[in-house]
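Under UniProt numbering, think of the first position of the sequence shown as 1, with each following residue one higher.
Take a look at the structure below.
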Amino acid sequence: MRHPLERRPNSPPFLAGRGRELGLLIQTLADTPLTVISGPPRVGKSALALRAAHLAAGLFPDGLLYLDLRGSPLHNVRTPRDTGGQATALLRNAAGRRVLVVLDNVDSAAQLQPWTPVTPGGAVIITSRHALTGPERARQLRLSALSFEDVQPEHTH
């Protein structure tokens, strides 16, 4: 019996103004194995990815793997080389499993080489400040800053 893979931070307790994007992302995970969430700093890319990953856990019974590429040996990798061995180890553990992988703070398409193609039944969510054009067949979700009205609670009369 194989145990689920778990390597993740806690889910954000609150995600303001991203209900439409959250629903779209969860729906996309069921049939699109690769999603890129891009946008400027502090628009909620990481929070959206993590919230969606936690809510979609049932689609990926073999677990969730999270890797923040900022501050890791892979952050400075500009070629498909895996200098830290992290990608190789995680991919070996994920092989043949229905796993969701969240790659946070991806800087270049070259960092994605070890992670694509996705294993059958699995998916990858990528967050980046840059619109990554390298991944083929990837669903692109571009976030922009929220307006004041976007984050206000709805009032019912």
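Glycine residues also receive a C-beta, built at the ideal position from the N, C-alpha and C atoms.
Predicted model only: the values in this text are computed from it and were never measured.
For Ala47, the enclosing alpha helix (DSSP H) has its first and last residue at 45-55. In the DSSP annotation of this structure, Arg137 is not part of any beta strand (DSSP E), being labelled neither H nor E. Secondary structure at Asp104: strand, using DSSP grouped into helix, strand and coil. Ranking Ala145, Gly39, Arg70, Asn93 by CA distance to the CA of Val106 puts Arg70 first. Between Ser147 and Val43 the beta-carbon gap is near 12 Å, outside 8 Å, which marks them as no contact. For Thr28, the uninterrupted alpha helix (DSSP H) segment begins and ends at 19-31. Leu69 sits in coil when the DSSP states are folded into three classes, being neither helix nor strand. According to the DSSP assignment, Val99 belongs to no beta strand (DSSP E), since it is labelled neither H nor E. DSSP, reduced to helix, strand and coil, places Ala109 within a helical segment of the structure shown.
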